[in-house]
Amino acid sequence: MTRLRLSRSLLSGFFASLKGRIILGVSILVILGLTVTDVIGIIRMQSFLSTRIDHQINSVIATTQRVAARPLRLQNNLTNPGGTIARQTSPTIQAPSPVFLVVYGSSGSVEFVRYSQLGSIKEPTVPSLSAAMVSATGKDYFFLPAKGSGGFRAGLGTMPNNEGHILAAVSLEEYNSTISHLKFLDLVVGLIVLAVLVGMTYVVVRFGMRPLDEMELAADQIAQGNLSVRINPDDAATEIRKLGIAFNDMVEKIQQAFTQVQQSEQKSIGSQEQLRRFVADAGHELRTPLTSIMGYSELLQKGIGGDRELADRSARRIQQESKRMSGLVEELLLLANIDQRKPMKFEQVDVLSLVADNVQDARVIQPERDIRLEPLGATEDGSWLKPIYTLGDEENLRQAVSNLVNNALFHTPKDAKVVVRVGTVTPLDGLLKKDRVVIEVQDNGPGIKADALGHLFERFYRVDDNRGFEHGGFGLGLSVVESVVTAHEGNVSVQSAEGRGSCFRVELPSYEPEV
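Residue 308 in our numbering sits at position 304 of the sequence shown, with consecutive numbering throughout.
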């Protein structure tokens, strides 16, 4: 019972699969096709054999009519159920099948009975001539039963001069045997054809659906978390190959989406950590000037004993720390606005004029330093002095350039040279159609350590991590530069090595003003 249930379960499981349904469908179609073909063939064979038997019956009747028309006497060499015979003859009946012949007189009495090639076939009972038989003369054929045989097919004709009727019957043994053999042959051939076609279908389906099996295995591995699984589609241009390609594309997109989700989660965790660090650093940087302001304020409040110089120095320190704190707040607000994607006031900006202003400001701050403004690339005709335009927020761009220049001033010795270059370049890769506006700030100072280059644009990052240095920086200058440049669809980079100085490079989209 358990084995039977297991077999039924496996069988139902097989036919529940796509392979099983295809093979079952093909089998049903083959069975229907063979059945229809066999039925039509048998019907056609039955019609053919019936027509041939009818021709035999008509031939026997016609032969008997010709013999009866001769001036001979009939001779019944088998039996004489009708008494005295008026005519005697011995007609020769030539037929491929056993034939039974009866001649009726005009009164309906049986006058002549003859059998031909009956052999082991038993003769039928001689029927009485009925009105129904007479009315079907020459039109319809009827069946005569015979014990131990398949019976006879009979037809009725008239004697010459309407002197009686002729009944000719042909045995159906050969007919029935032929039809039986044909049915058996159709059954055997049908089973062989069905087995061959089902076997071929199974092989073709199994081979053709092998990529689907691979997809199933791949899908199981993907469900277990292995997103690197791929299948190898066939080279033939089939629907399964297209499905395989689509499957690989789908898995690729799923993997990319999953990777993006992981990166987003990691970025979210990093952003939270960065936010905590940002708040801590901002609080620390604000606490330093606030502590100084509070200390000098308390000193003024307590009174300084008429020391005017100390009072002036305290007031100056309060003012310096207030400006320092105000600068920090402004930079924080600028970064917050950029992070929140608040709209900027984009307009035509003359980059050359903007850079020249910053260079002039730097010369005022440190007049003893060698600060130069040069073209980007060699030029002899002075064409680089023409305006160079970009589209952006002038105030923010001015702040970014100022931060780069001040970074060079305050983080290099005073005898280090600072060179600011400006110009345009044409992209070599052809991906960007427009020229790029380039600003470079280069110094020949001590350079930057290699392990610090990747952190320069992080907020509150300082190479020396010295929060009490002379010029009061907060580690936000380069972060502001990167945020502003990125918001203008540009990019900023740095090249530096210890002992060889540094070069910061900013690229912005160029803008051609309408004439």
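Where a beta carbon is used, it is the ideal one built from N, C-alpha and C, also for glycine.
- Per DSSP, the unbroken beta strand (DSSP E) holding F104 starts and ends at 103-109.
- Annotated as distal: L176 and V106, with beta-carbon spacing of 8 angstroms or more.
- If the five residues before and after S514 are omitted, its C-beta is found closer than 8 angstroms to the C-beta atoms of I392, Y393, T394, T428, K438, D439, R440, V441, all from its own chain and listed in chain order.
- Closest option to D42, judged by alpha-carbon separation, among T141, F146, V197: V197.
- Excluding its 5 nearest sequence neighbours in each direction, N400 has C-beta neighbours in its own chain below 6 angstroms: V488, listed in chain order.
- Note: N495 is bridge-paired with E511 in the DSSP secondary-structure output.
- Where D361 is concerned, the enclosing alpha helix (DSSP H) starts and stops at 355-369.
- Taking C-beta atoms under 8 angstroms as the contact rule, L186 and I46 qualify, at a distance of about 6 angstroms.
- F147 is bridged by DSSP to R157.
- In this structure, L482 places its C-beta atom within 8 angstroms of the C-beta atom of L460.
- Given a length threshold of 3 residues, each whole run of the beta strand (DSSP E) inside the segment 400-429 is given here in chain order: 422-429.
- Rounded to whole angstroms, the gap between the alpha carbons of I297 and E462 is 28 angstroms.
- With respect to the 8 angstroms criterion, N407 and V485 are classified as neighbours on the basis of their beta carbons.
- The C-beta of D447 has 16 or more other C-beta atoms within 10 Å across all chains shown, which makes the residue buried.
- I27 places its beta carbon 8 angstroms or farther from that of V233.
- Of all alpha-carbon atoms in L356, V467, S51, the one lying nearest the alpha-carbon of I183 is that of S51.
- Burial check for T68: the Cβ neighbour count within 10 Å reaches 16 or more, so the residue is buried.
- The beta carbon of S139 is closer than 7 angstroms to none in its chain, skipping five residues each way along the sequence.
- Annotated three-state conformation of A136 is helix, per DSSP.
- When secondary structure is reduced to three states using DSSP, E313 falls in the helix class.
- Contact annotation, G168 with S110: C-beta distance approximately 5 angstroms; criterion of less than 8 angstroms satisfied.
- One thing to note: V423 has its Cβ no nearer than 8 angstroms to the Cβ of V359.
- Bounds of the beta strand (DSSP E) holding Q446 are 440-447.
- Measuring C-alpha to C-alpha distances from G155 to each of V130, K143, L380 identifies V130 as the nearest.
- Classified as exposed, T430 has fewer than 16 neighbouring CB atoms from the shown chains inside 10 Å of its CB.
- Of the residues P128, L133, T162, the one whose Cα lies closest to the Cα of A66 is T162.
- In this structure A491 is buried. Its beta-carbon is surrounded by 16 or more other beta-carbon atoms within 10 angstroms.
- For Y465, there is no enclosing alpha helix (DSSP H), as DSSP marks it with neither H nor E.
- Burial state of F262 is exposed, judged by a 10 Å Cβ sphere holding fewer than 16 other Cβ atoms.
- Annotation: I235 to G24 spans about 23 angstroms, alpha carbon to alpha carbon.
- For the pair G396 and F350, the CB atoms are nearer than the 8 angstroms cut-off.
- If you draw a straight line from the Cα of L512 to the Cα of E256, it comes to about 35 angstroms.
- In terms of Cα proximity to H415, the closest of P371, R402, I443, V467 is V467.
- Here the alpha carbon of M137 sits roughly 46 angstroms from the alpha carbon of V34.
- In the three-state scheme derived from DSSP, where H, G and I count as helix and E and B as strand, E516 is classed as coil.
- The residue among L201, V368, C507, E516 with its C-alpha nearest the C-alpha of K390 is E516.
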